[in-house]
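Chains as they are written, first to last, in the working numbering: chain A, 89 to 881; chain B, 457 to 584.
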């Protein structure tokens, strides 16, 4: 209680005020004393001087008269004043009178002498004549007493004042500050934080610091209440959340667990045990370590944990787990660092996804129809097979490509379903020809690739190829009647012919091309010349692109003679390529190439230009020949637009009727509608249409009726055998008759002998063309040839 | 009456037998107002004052120390209080004063110059 008092504001304020007042009071007392001393000293001196003045006249007389009695009388009179301690009157050089205090000590006398006041005395009759002196010693005790008296009074006054002030301040502090604070403090002291009531503002304290303090405390209290409420709500919510998440945790389908960095299990849910097929030992299975479970690759799990730990962010990986019944499961394991060196993990069974993924992968490399590997799968396989092992022992194999001959035709004629059936049968037959170690795949439409591990040598591979060819020669029981197709096989050997999949496939394709070339139902082993030929062909293709620009193309003209007119009426313009290195290259060598590469359009237009030039020259010479050019199906309709044709002939001033367009029946078979429009347009513009190679294709009368054909050119194969074969002779005759009845002209091609000529003439053929008449010649030779022709007819 | 005095001035006289020929003003003041009543020759001086209300007396003190007779009286009144120093002998009449000087060695008085006689010796003169 005493300590409390010492610390109370009241006590401290009082003590401080007393302290300050005492310091100031002492100052004042001291000041008062010193001022009083000065003042008293002055007033004493003044008093002494006044006393002197009072007695001066008498002293003058006493001094002048040297009257000791009078002087004594004066001195005695002076001594009765309290201020005077001693007095002396000297006159005419002798002391007339003197008073000394009997009670004063030596010290007092000595100090009095220090304050001595003297005054010279003049004669009462002559103020210029000094006749004596009066001396008074003021009593120092007077001054001291006065100082003491005044100082004491002031000190008393200040003391009283101090007492009053301290009392007043104490009262004010007590009433105004201490009491309200004490009251608040008492209330706050016993207040429960959960039930804070606002404090009342003490009377008269609205707006004062205390009022504000109360307001602030109330506000703080409200805030505290609000925060406590909030916290309580939060706590409740947390509890609810906790319960909710606990439920989610416990009932989740995914395994949820918490492990430490050493993978020791800290906690887990039911699904965790279920998923990993673990028996539950008890509520807390502290000994369980994730590392010890039957992961296929426990190291991978360890790395995942490390990664999570190092990166300090969620990591995830698919891991395989060997369940108790020997079946393997896949889990997506997601680890999330949750702090405190703990890692939370999520275990999701993705076995089904994984299976689907695997089967999708399988599907991606499987041909749906035959169940064989598809091209991608085959390439993948080939890729693996061609990786040369580190050792010197190389396991060779043969790569075969099997192609069905004429499959496209069957597909078109009989529909896709039949085609698919044939392909399935083919796959089965191929499989029967091979051993289980061999790999078979469907590379494309009707193309199969085979890796023959069992037959790595040329001889063995040929044997297998032969078996395949003969197996596919057999009838396919598809529809009725059963179909017979053949197969061609290209063979290449690894590692002799090539070391990478690309080269091997290319080689096999080349061998296959060669096999197809030499006839249906053949097989062929790759050799280096094929590659060389292919290389040569590629070079030619490349050169062909520049042939027009380099002016390497020429036209040759093969005369066409009219039998009744017995002269040359026109010529077929044939293209030649004068290759700078290879020399003259025949059209049947490079035209298919041009068709494949698209160069045919440029070449065709160049041809029209060249022909028109020739026709213009003839027109200038007054010669009436016509020229025909060959237009392939590839050029119709966009490669040679009708508008370009007419523009070109107009530019040269040539009659369109002098330019014949030779087409083959293949034109009708592709996009026949576009071909129809093109032919109609060209015919309408006045160009004549020749149907070349008539009789070799699907010659159909309906084509001749439908398309605007002017002239039929009978194929040389009929003409060649006319001499020996009566059938051909009859066929030619029938064609000529039919043409005649349809109002079409006829040109017989490939006339090589006089006999053929006569037979044709007899059959009523109008025009002929062939080596008998003339080989194709250069333009500048045509005049000479034309002159010779009449003699041949 | 004061007119005569004004015209001739006042002289301080002694018995001619005295071997003093002249006195200073201070000598005269001391003899008449002070305690030293001795002539320079060493003879005891006996100052004789004129009667209280004599006009020459007033004139004498006026000329000597510039004081009125009342002031002179007051002066003596204070000294009389001690009883040690006494004022000069006061003659009943002016003639008595002269006769005292003529009659005794050491006596000294004052009178108007006009009233001077051969039996008197002037030692000091007071004039306007």
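Every residue gets a Cβ at the ideal spot worked out from N, C-alpha and C, and that includes glycine.
- Here residue 517 of chain B is buried, its C-beta having at least 16 other C-beta atoms within 10 Å.
- A direct Cα-to-Cα measurement between residue 424 of chain A and residue 276 of chain A gives close to 48 angstroms.
- The C-alpha of residue 667 of chain A lies about 6 angstroms from the C-alpha of residue 640 of chain A.
- For the C-beta of residue 521 of chain B, the chain A residues within less than 7 angstroms are, from N- to C-terminus, 213.
- Residue pairing by DSSP places residue 714 of chain A opposite A:658 in a beta bridge.
- Residue 218 of chain A counts as exposed, since fewer than 16 other C-beta atoms from the protein chains shown sit within 10 angstroms of its C-beta.
- The C-beta of residue 685 of chain A has fewer than 16 other C-beta atoms within 10 Å across all chains shown, which makes the residue exposed.
- Not a single C-beta of chain A is nearer than 8 angstroms to the C-beta of residue 493 of chain B.
- Where residue 356 of chain A is concerned, there is no enclosing alpha helix (DSSP H), although the beta strand (DSSP E) around it starts and stops at 353–356.
- The segment 686–694 of chain A makes contact with the segment 723–730 of chain A, as at least three CB pairs between them are under 8 angstroms.
- Straight through space, the alpha carbons of residue 503 of chain A and residue 837 of chain A are spaced by roughly 37 angstroms.
- Straight through space, the alpha carbons of residue 714 of chain A and residue 655 of chain A are spaced by roughly 13 angstroms.
- A Cβ-Cβ separation of about 19 angstroms leaves residue 491 of chain B out of contact with residue 476 of chain B under the 8 angstroms criterion.
- Residue 612 of chain A sits in a strand when the DSSP states are folded into three classes.
- Within a 10 Å sphere around the beta-carbon of residue 510 of chain B sit 16 or more other beta-carbons, which makes this residue buried.
- The three-state reading of DSSP puts residue 584 of chain A in coil, since its state is none of H, G, I, E or B.
- CA-CA distance, residue 119 of chain A to residue 108 of chain A, rounds to 16 angstroms.
- Residue contact check for residue 153 of chain A against chain B: a CB pair falls below 8 angstroms.
- Residues of chain A whose Cβ lies closer than 9 angstroms to the Cβ of residue 489 of chain B are, in chain order, 152, 153, 212, 213.
- Cα atoms of residue 489 of chain B and residue 543 of chain B: separation of roughly 7 angstroms, rounded to the nearest angstrom.
- Counting along the chain, residue 441 of chain A sits inside the alpha helix (DSSP H) bounded by residues 439–452.
- Shown here for residue 798 of chain A: same chain residues with a beta carbon closer than 6 angstroms to its own, the five before and five after excluded, namely 776, 777 in chain order.
- If you draw a straight line from the Cα of residue 582 of chain B to the Cα of residue 466 of chain B, it is about 5 angstroms long.
- Note that the C-beta distance between residue 247 of chain A and residue 124 of chain A is not below 8 angstroms.
- Using a Cβ-Cβ cut-off of 8 angstroms, residue 146 of chain A is close to 534 of chain B, given in chain order.
- For the C-beta of residue 149 of chain A, the chain B residues within less than 7 angstroms are, from N- to C-terminus, 531, 534, 535.
- Residue 809 of chain A and residue 784 of chain A do not touch by the CB rule: their CB atoms are close to 13 angstroms apart, not below 8 angstroms.
- In summary, residue 554 of chain A is exposed, with fewer than 16 beta-carbon neighbours lying within 10 Å of its beta-carbon over all protein chains present.
- Around the beta carbon of residue 380 of chain A, fewer than 16 other beta carbons lie within 10 angstroms, which makes this residue exposed.
- DSSP, reduced to helix, strand and coil, places residue 642 of chain A within a strand of the structure shown.
- Annotation for residue 187 of chain A: the continuous beta strand (DSSP E) segment containing it runs 182–188.
- Using a Cβ-Cβ cut-off of 7 angstroms, residue 485 of chain B is close to 213 of chain A, given in chain order.
- Around the C-beta of residue 328 of chain A, fewer than 16 other C-beta atoms lie within 10 Å, and the residue is accordingly described as exposed.
- As for any alpha helix (DSSP H) of minimum length 4 sitting wholly inside the segment 820–852 of chain A, the runs are 842–851, ordered along the chain.
- If you check the CB distance, residue 437 of chain A and residue 417 of chain A come in under 8 angstroms.
- The continuous alpha helix (DSSP H) containing residue 270 of chain A extends over residues 267–278.
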